[in-house]
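Chemist:
Number of protein chains: 2
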Amino acid sequence: MKNIKIIIEYDGTNYSGWQRQLNQDTIQGEIEKAIFKLTGENVNLIGSGRTDAGVHALGQTANFITDVNIPPDKIKFGLNAFLPHDIRISDSEEVSLDFHSRYNVKRKIYKYLIYNRAVKNPFWGRYSYYFPQRLNYELMEREIKYFLGAHDFTSFSSPKSNSKDKNRIIYNALLLKDGDLVMAIFDGNGFLYNMVRIMIGTLVDIGRGKIAEGQIPFIMKSLDRQRAGHTAPPQGLFLEKVFYE
Amino acid sequence: MKNIKIIIEYDGTNYSGWQRQLNQDTIQGEIEKAIFKLTGENVNLIGSGRTDAGVHALGQTANFITDVNIPPDKIKFGLNAFLPHDIRISDSEEVSLDFHSRYNVKRKIYKYLIYNRAVKNPFWGRYSYYFPQRLNYELMEREIKYFLGAHDFTSFSSPKSNSKDKNRIIYNALLLKDGDLVMAIFDGNGFLYNMVRIMIGTLVDIGRGKIAEGQIPFIMKSLDRQRAGHTAPPQGLFLEKVFYE
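Chains as they are written, first to last, in the UniProt record's numbering: chain A, 1 to 245; chain B, 1 to 245.
(1) Hey, does A:Phe123 have any beta-carbon neighbour from chain C nearer than 7 Å?
(2) Kindly indicate the opening and closing residues of the alpha helix (DSSP H) around B:Ser96.
(3) Going along the chain, which residues of the region 66-80 of chain B sit with their C-beta nearer than 9 Å to a C-beta in chain A?
(4) Where do the ends of the alpha helix (DSSP H) carrying A:Met34 lie?
(5) What does A:Asp86 touch in chain B if you count any residue whose Cβ is under 8 Å from its own?
(6) Cβ closer than 7 Å: which chain A residues qualify as neighbours of B:Tyr10?
(7) What first and last residue would you give for the beta strand (DSSP E) that runs through B:Met183?
(8) I'd like the list of long-range same chain contacts for A:Arg88, defined as Cβ closer than 8 Å, with 5 residues on each side in sequence excluded.
(9) What's the call for B:Phe218, buried or exposed, on a 16-neighbour Cβ count within 10 Å?
(10) Whole angstroms are fine: how far does the CA of B:Asn23 sit from the CA of B:Gly29?
(11) Less than 7 Å between the C-beta atoms of B:Lys108 and B:Val242, yes or no?
(12) Report the residue from B:Ile31, B:Ile198, B:Phe77 and B:His85 whose alpha carbon sits nearest the alpha carbon of B:Ala62.
(13) Determine, for B:Ser90, whether the minimum Cβ-Cβ distance to residues of chain A falls below 7 Å.
(14) Would you mind telling me which residues of chain B sit closer than 9 Å to A:Val119, beta carbon to beta carbon, in chain order?
(15) Enumerated in chain order, which unbroken segments of the beta strand (DSSP E) with a length of 3 residues or greater are wholly contained in the region 40-76 of chain A?
(16) Quick check on the DSSP output: the alpha helix (DSSP H) that includes A:Asp205 runs from which residue to which?
(17) With DSSP collapsed to three states, give me the class of A:Gly12.
(18) Go ahead and pull the three-state DSSP assignment for A:Lys210.
(19) Starting from A:Glu245, follow the alpha helix (DSSP H) in both directions and report where the run begins and ends.
(20) Would a C-beta distance cut-off of 7 Å place A:Gln60 and A:Leu237 closer than the cut-off?
(21) Okay, do the region 220-229 of chain B and the region 90-102 of chain B touch, 3+ Cβ pairs below 8 Å being the bar?
(22) For B:Leu97, which residues of its own chain have a beta-carbon under 6 Å away from its beta-carbon, when the five flanking residues on both sides are left out?
(23) Are there three or more Cβ pairs, one per stretch, closer than 8 Å when the region 31-41 of chain B is compared with the region 136-155 of chain A?
(24) Which residue marks the beginning of the alpha helix (DSSP H) containing A:Leu139, and which one marks its end?
(25) Would you decide whether A:Gly179 is buried or exposed? Buried here means 16 or more other CB atoms lie within 10 Å of its CB.
(26) For B:Lys76, does the count of other Cβ atoms within 10 angstroms reach 16, so buried, or fall short, so exposed?
(27) Taking the alpha-carbon of A:Tyr127 as reference, which of A:Ala232, A:Pro159 and A:Arg134 has the nearest alpha-carbon?
(28) What residues are listed by DSSP as bridge partners for A:Ile114?
(29) Whole-angstrom Cβ separation of A:Leu192 and A:Ser163, contact assumed at under 8 Å?
(30) Along the beta strand (DSSP E) that carries A:Asp224, what are the first and last residues, could you check?
(31) Give the DSSP bridge partners of A:Gly236, in chain order.
(32) Can you have a look at B:Asn121 and say buried or exposed, based on whether 16 or more other CB atoms are within 10 angstroms of its CB?
(33) Tell me which residue opens and which closes the beta strand (DSSP E) that B:Asp152 is part of.
(34) Note down, in chain order, each residue of its chain lying with its Cβ closer than 6 Å to the Cβ of A:Leu176, except the 5 sequence neighbours on either side.
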């Protein structure tokens with residue numbers, strides 16, 4: 001019996017998110033099917049967390065228990081042979097039997113891309129939030145810093161979130177610009193349901209003047225989702241990396 | 001009568017190249033159709049040069065003569081309303097009547113992307129040459145410099161090229177690396193048919209040890225296409241920018 005940890009890259013465009021669902025194409029479902037084709041085993045693949053429909057990943061992490069006799073570092077090639085091209089296993093290794101992809105998460109990094117130009121870009125449509133009006137980038141760059149530190153993120157998460165404790169720590173939050181592409185990076189100990197997309201929607205609302213500057217701390221204290229900005233669309237979001245102890 | 005210059009971005013994946021062809025989807029054909037829908041005029045759109053099926057552009061340039069009474073800088077929005085999403089006009093302006101997108105080219109920049117990793121990447125398949133064997137990047141970085149300067153590029157162009165003069169000047173040729181992505185940039189006064197793709201194929205053949213180092217000058221002098229490397233696939237190639245006097 002071996003515990004195999006895999007790192008997964010996926011273009012989420014054509015999937016109904018991470019979690020297995022009946023009659024829907026999902027990332028977890030596709031990988032479990034590939035594991036069955038490779039090993040003949042029906043495993044339960046444990047992911048570091050769910051991602052929504054349309055969200056992408058560059059370093060999603062998961063693990064599963066198997067009895068198969070393939071060298072752990074070759075499992076990635078075996079699975080890739082059975083997976084659709086928009087899902088790739090970039091790494092596979094054996095880990096101790098008590099490793100759990102969700103419980104043992106220490107930190108996660110998410111990236112979010114906004115394409116800010118009047119004309120839509122033919123390459124970035126599936127991979128960014130197309131925003132045609134000019135955003136005040138310098139203001140957003142300053143305002144993103146309000147998210148840093150330990151806070152109750154109730155205002156910045158979906159009411160559908162079923163996490164009881166809404167406290168999270170953001171270690172790093174920064175905004176970068178490369179031509180018309182704006183990239184936000186969040187590094188934190190955990191993220192609530194829709195949290196990155198609501199933080200981004202709020203920053204965009206500040207950048208276009210719909211929410212006044214300096215409001216984020218007050219929105220945060222209100223513990224009221226209604227006071228934060230809109231939920232930015234899924235296609236700009238990338239799960240970049242998951243860190244473990 | 002006005003001469004309108006447009007800058008075009010396109011994802012070439014779904015097109016049979018730039019040039020208008022009967023019963024084929026082409027970039028020129030799609031833009032001419034959009035111009036007809038916007039202006040009611042059947043124009044001849046002049047491009048800076050052809051691109052092959054599957055080749056992309058970030059700054060293709062073209063011009064057309066029109067009598068339409070739309071402010072030149074608004075024409076881009078009008079055309080984008082009629083174009084498919086993988087073709088976008090990023091700029092439109094009026095230029096003097098003697099401006100010709102092909103005859104007046106002074107310099108062009110092409111970019112080529114190679115994805116060099118054992119595992120294919122789910123995002124870069126349509127936009128790079130997936131090469132699974134490890135390439136000697138440092139060697140390729142040195143060897144690309146042999147292309148610099150004025151040379152007869154017969155060995156590095158398709159025999160189907162109908163340019164009589166095969167002399168071209170490369171002002172800049174460099175290789176950059178960002179993780180598993182290798183990017184080549186060529187800046188020159190003109191490029192023969194398949195020239196970038198054969199230069200890249202030759203560099204890849206050097207990087208994997210199929211062609212010995214230091215051979216490029218001898219291949220160049222031989223004026224023999226057979227001695228150069230393979231023709232790299234179209235999907236890694238991007239026409240980055242076209243410069244005029």
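We put the CB at the ideal spot given by N, CA and C, even for glycine.
Modeler: On the basis of the coordinates in this document:
(1) No chain C is present in this structure, whose protein chains are A and B.
(2) Your numbering for residue 96 of chain B matches position 96 in the second sequence. Careful: B:Ser96 lies outside any alpha helix (DSSP H) and carries neither H nor E.
(3) Lys76, Phe77 and Asn80
(4) Along the first sequence, one-based indexing puts residue 34 of chain A at 34. For the sequence presented, residue 34 of chain A should be read as Ala rather than Met. Looking at the DSSP string, the run of the alpha helix (DSSP H) that includes A:Ala34 is Ile27 to Thr39.
(5) The sequence position of residue 86 of chain A within the first sequence is 86, counting from 1. Here the neighbours are Pro122.
(6) Here the question's residue 10 of chain B lines up with position 10 in the second sequence. Neighbours of B:Tyr10 on chain A, chain order: Pro122.
(7) Taking the second sequence and counting its residues from 1, one reaches residue 183 of chain B at position 183. That run of the beta strand (DSSP E) goes Leu181 to Gly188.
(8) Indexing the first sequence from 1 puts residue 88 of chain A at position 88. Hits under 8 Å: Ile8, Glu9, Tyr10 and Asn80.
(9) Mapped onto the second sequence, residue 218 of chain B falls at position 218. Looking at its Cβ environment, which holds fewer than 16 other Cβ atoms inside 10 Å, B:Phe218 is exposed.
(10) One-based indexing of the second sequence puts residue 29 of chain B at position 29. One-based indexing of the second sequence puts residue 23 of chain B at position 23. Taking the straight line joining both Cα atoms gives about 10 Å.
(11) Within the second sequence, residue 108 of chain B is the residue found at index 108, counting from 1. Within the second sequence, residue 242 of chain B is the residue found at index 242, counting from 1. Taking 7 Å as the Cβ cut-off, B:Lys108 and B:Val242 qualify as a contacting pair.
(12) Within the second sequence, residue 62 of chain B is the residue found at index 62, counting from 1. Out of B:Ile31, B:Ile198, B:Phe77 and B:His85, B:Ile31 has the C-alpha closest to the C-alpha of B:Ala62.
(13) Position 90 of the second sequence, counted from the start, is the residue given in the question as residue 90 of chain B. At least one chain A Cβ lies under 7 Å of B:Ser90.
(14) Numbered from its first residue, the first sequence carries residue 119 of chain A at position 119. What A:Val119 touches in chain B: Glu9, Lys76, Phe77, Asn80, Arg88, Ile89, Ser90 and Asp91.
(15) 56-66
(16) As a first step, residue 205 of chain A must be located in the first sequence, where it is residue number 205. Where A:Asp205 is concerned, the enclosing alpha helix (DSSP H) stretches over Met195 to Gly207.
(17) Walking along the first sequence from the start, residue 12 of chain A turns up at place 12. Helix, per DSSP.
(18) Numbered from its first residue, the first sequence carries residue 210 of chain A at position 210. In this structure, A:Lys210 counts as coil in the three-state DSSP scheme.
(19) Looking up residue 245 of chain A in the first sequence gives position 245. Careful: A:Glu245 lies outside any alpha helix (DSSP H) and carries neither H nor E.
(20) As a position in the first sequence, residue 60 of chain A is number 60, starting the count at 1. As a position in the first sequence, residue 237 of chain A is number 237, starting the count at 1. Taking 7 Å as the Cβ cut-off, A:Gln60 and A:Leu237 do not qualify as a contacting pair.
(21) Too few Cβ pairs lie closer than 8 Å, so no.
(22) As a first step, residue 97 of chain B must be located in the second sequence, where it is residue number 97. Excluding sequence neighbours, B:Leu97 sits near Asn3.
(23) no
(24) Position 139 of the first sequence holds residue 139 of chain A. Counting along the chain, the alpha helix (DSSP H) containing A:Leu139 begins and ends at Tyr137 to Glu143.
(25) Position 179 of the first sequence, counted from the first residue, corresponds to residue 179 of chain A. Result: exposed.
(26) Against the second sequence, residue 76 of chain B aligns to sequence position 76. With 16 or more other Cβ atoms within 10 Å, it is buried.
(27) Position 127 of the first sequence holds residue 127 of chain A. Looking only at A:Ala232, A:Pro159 and A:Arg134, the smallest Cα-Cα distance to A:Tyr127 is reached by A:Ala232.
(28) Counted from its first residue, the first sequence places residue 114 of chain A at position 114. Per DSSP, A:Tyr129 and A:Val182.
(29) For the purposes of this step, residue 192 of chain A is taken as the residue at position 192 of the first sequence. For the purposes of this step, residue 163 of chain A is taken as the residue at position 163 of the first sequence. Confirmed, about 6 Å.
(30) Taking the first sequence and counting its residues from 1, the one referred to as residue 224 of chain A is at position 224. That residue, A:Asp224, is in no beta strand (DSSP E); it is neither H nor E in DSSP.
(31) Position 236 of the first sequence, counted from the first residue, corresponds to residue 236 of chain A. None; A:Gly236 has no bridge partner.
(32) Here residue 121 of chain B refers to the residue found at position 121 of the second sequence. By the neighbour-count rule (16 or more Cβ atoms within 10 Å), B:Asn121 is buried.
(33) Residue 152 of chain B sits at position 152 when you count from the first residue of the second sequence. Element bounds for B:Asp152: Gly149 to Asp152.
(34) Working through the first sequence from its first residue, we reach residue 176 of chain A at position 176. Excluding positions up to five away in sequence, the list reads Met183.
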